[in-house]
Amino acid sequence: MASTIMSIHTDNLGQIFQRLRNPSHEARLQAAIDLRRYVATTVVEMPNDAAVKLWDDDINKRIFDLMHSQNNADRLGGLLAIDHLLETDGEDVLGSKRYLYRFYNYVKQLLPNHDVNIMLAASKTLGQIAAIGGADFGERFMDQEVPAAVELLQGQESPRYAGVLILKELARNSAIYFHSHISLVFDKILIPLRDPRVIVREGAAELLAACLEIITNRERQTRTTYLMKILQDAQLGLKMAQPEVIHGSLLMYRELLLHGDLFMREAFLDTAEQILRFKSHRDSLVRKMVITLIPTLAAYDTQTFSEHYLHKSMGHLLTQLEKPNERSFAFIAIGHTATAVGSDMKAFLDPIMSQIKSGLQQRGKKNAPLEEPIFQCVGMLASAVGPNLTKLLHDQLDLFFACGLSEPLRQALMAIARNIPPLLKTIQDRLLDLLSMILCGQPYKAIGAPSSLVRGDIAAYTRDFSTSQATKNGKNTELVTLALFTLGSFDFTGHVLNEFVRAAALPYLEDDNAEVRRAGALTCCKLFVRDPICYQASSHAIE
């Protein structure tokens with residue numbers, strides 16, 4: 411009997427682990443979720459001896475095989491399996507963490523690796539193990555692992571990047587034990603920050619950010635020494651000719667501004683001058699870095715920035731909106747700058763909205779701007795200046811809705827409706843028409859309204875929209891899911907939508923796609939419960 415039960419467990423696990431080898435990430439992810447569920451609900455209920463045997467003879471062996479495979483899909487499946495097993499509740503599931511060291515060693519052998527995706531996934535799993543391990547992965551563990559990873563920083567190619575990733579995850583997930591070794595990292599961090607490869611420099615900047623968080627939170631006496639060294643290295647780097655060194659220095663400035671607390675306050679004016687000096691540099695990566703640093707400067711010392719650098723910075727960003735390779739970064743930077751300076755952005759609304767109009771009018775043409783950064787910018791502008799944007803936005807709503815429903819448009823409309831009340835009703839009406847065309851194939855008609863009241867311009871653009879966003883033999887499932895979610899989450903105050911929901915959303919409860927059914931069910935529940943009739947006791951209401 412016992413052998414039969416174990417055989418059943420082995421067969422079930424075999425099927426799950428086979429799916430962990432699937433080339434599809436989605437299939438591997440679902441298999442990892444199923445493995446976690448199986449362990450949490452089945453293995454944990456087994457007698458202790460049987461559970462240990464199943465772990466040692468089956469689960470652990472299969473994970474070992476995945477992690478030591480030469481196939482990347484197998485390795486990624488093994489990492490997902492470990493990730494989800496670590497999330498399982500209950501002390502007994504991992505037997506008082508007795509498998510953590512095994513898992514750590516399995517993961518560690520993937521660092522370094524020639525495949526960047528493998529290293530990224532492995533480092534995140536490694537950090538998760540260190541976080542869960544707590545004191546078991548304490549001082550003695552760090553005494554060995556941190557110097558070994560620092561040694562990798564001085565190597566070449568993938569070993570250096572592996573060292574950056576290991577140190578970053580240990581610093582983020584085990585700061586209390588990493589703290590005593592932080593001087594080793596600061597001694598060598600300039601090497602990866604000036605590496606020829608962008609991915610290494612950006613990873614090193616994330617490591618620097620984690621280290622700065624540790625010293626600003628834990629160091630009182632020596633943190634200024636560390637911060638001053640980083641600032642001096644950044645300043646020296648800007649005097650060198652190599653673009654990668656300049657880019658690395660700009661990354662260092664960014665982390666000091668974001669994670670150095672008040673340290674940069676006295677050096678702010680010089681810092682802003684130094685950064686903006688490179689706004690027209692020949693290297694595109696340096697130019698883009700300057701663009702993204704402008705809102706960082708604005709957020710750090712808003713008053714000083716507004717007084718000394720806002721007009722200069724906005725002049726530069728508006729110029730970049732005309733350059734195809736940099737306009738997306740510039741739109742987002744303008745939005746974040748507006749978030750920082752608030753009403754001081756009013757002086758620049760006309761040229762910004764003119765560029766937004768120009769960008770949306772190019773829709774469908776070659777080299778047209780991406781819509782997502784534009785809508786992100788609009789949403790942040792609406793939050794920053796509120797009703798000051800009313801007329802400019804009202805004149806461009808046709809262009810917004812002509813783009814069709816998307817998540818960036820939804821978020822932008824949410825921000826506009828929340829911060830610019832005069833536009834709420836207009837947006838509600840336009841959005842209901844758009845949603846009705848997606849879900850029903852016809853414009854929205856309010857309860858009791860005759861067909862003749864359907865506006866001609868709305869009917870025209872929604873008909874055009876329906877041919878471009880809906881599929882011939884049905885609906886685009888992602889679009890339908892988004893439309894249902896939007897219907898259930900947007901502020902439609904003032905509209906009674908029960909009949910519309912009955913016609914537009916209820917039929918999707920029988921859709922073939924599970925995500926569509928789920929979105930339909932949630933939307934129906936949210937909107938029906940808001941219907942005043944739910945709180946009436948008449949026979950009509952009960953019916």
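Note that this note's numbering has the sequence shown beginning at 411, numbered continuously upward.
In this text, a Cβ means the ideal position worked out from N, Cα and C, and glycines have one as well.
Nothing here was measured: the structure is a model prediction, and the numbers come from that model.
Measuring only the C-alpha atoms, how far is residue i from residue j?
i	j	result
Leu476	Gly488	5 Å
Leu393	Gln821	Residue 393 falls outside the range modelled here, since the chain spans only 411 to 953, and no answer is possible.
Phe910	Ser738	37 Å
Ser659	Asn829	38 Å
Ala812	Gln838	15 Å
Met552	Lys518	14 Å
Gly543	Arg773	52 Å
Trp465	Glu455	13 Å
Glu567	Thr452	44 Å
Leu728	Lys835	31 Å
Ile599	Phe547	23 Å
Leu563	Ala924	47 Å
Val610	Val906	55 Å
Gly851	Pro779	29 Å
Phe513	Gly898	43 Å
Leu679	Leu686	11 Å
Pro831	Leu510	54 Å
Thr498	Leu445	10 Å
Gln428	Ile443	14 Å
Put residue i into one of helix, strand or coil per three-state DSSP.
i	result
Gln642	helix
Asp597	helix
Ala778	coil
Ala677	coil
Val906	coil
Tyr871	Low per-residue confidence applies at Tyr871: pLDDT is 43, beneath 50, and the placement is therefore not dependable, though the value from the model is reported in the following sentence. Residue state, collapsed to three classes: helix.
Asn798	helix
Lys649	coil
Gln480	coil
Thr498	coil
His691	coil
Gln538	helix
Gln730	helix
Leu841	helix
Thr712	helix
Lys855	coil
Ala915	coil
Please determine, among the options, the residue with the shortest C-alpha to C-alpha distance to residue i.
i	options	result
Ala708	Val696, Arg692, Ser690 and Met755	Met755
Met847	Ile685, Gly814 and Lys776	Gly814
Ile701	Arg512, Leu720 and Tyr514	Leu720
Gly670	Leu695, Ser690, Ser694 and Leu622	Leu622
Glu794	Thr626, Leu809, Ala778 and Gly745	Glu is not the amino acid found at residue 794; the sequence shown has Ala there. Of the listed residues, the one whose Cα sits closest to Ala794 is Gly745.
Arg628	Arg773, Tyr587, Ile640 and Lys776	Tyr587
Thr681	Lys698, Ile704 and His804	Ile704
Gly613	Arg570, Val574 and Ala924	Val574
Asp484	Glu549, Asn777 and Asn432	Asn432
Leu809	Lys767, Ile685 and Leu897	Lys767
Thr706	Ala743, Arg927, Cys935 and Pro831	Ala743
Pro602	Ser593, His591 and Leu617	Leu617
Asn777	Val751, Glu736, Pro797 and Ser764	Glu736
Arg447	Asp493, Asn458, Pro457 and Asn481	Asp493
Ala913	Thr903, Gly904, Leu937 and Asp922	Leu937
Ala856	Thr933, Ser723, Asn908 and Gly725	Asn908
Leu520	Glu782, His478 and Ser723	His478
Lys698	Ser716, His589, Leu661 and Arg630	Leu661
Return yes when the Cβ of residue j is within less than 9 Å of the Cβ of residue i, no when it is not.
i	j	result
Leu439	Leu490	yes
Leu668	Ala619	yes
Glu665	Ala615	yes
Phe758	Cys787	no
Ala572	Pro522	yes
Val449	Ile473	no
Ala581	Val595	yes
Leu641	Ala677	yes
Phe673	Leu637	yes
Tyr918	Leu844	no
Phe900	Leu819	no
Ile539	Leu486	no
Ala750	Thr714	no
Ala929	Thr891	yes
Ile656	Asp597	no
Leu842	Phe895	no
Gly769	Ala825	no
Val608	Glu549	no
Thr632	Ile625	yes
Leu803	Ile762	no
Give a yes or no on whether 9 Å exceeds the smallest Cβ distance from residue i to chain D.
i	result
Gln425	Included in the structure is just one protein chain, with no chain D present.
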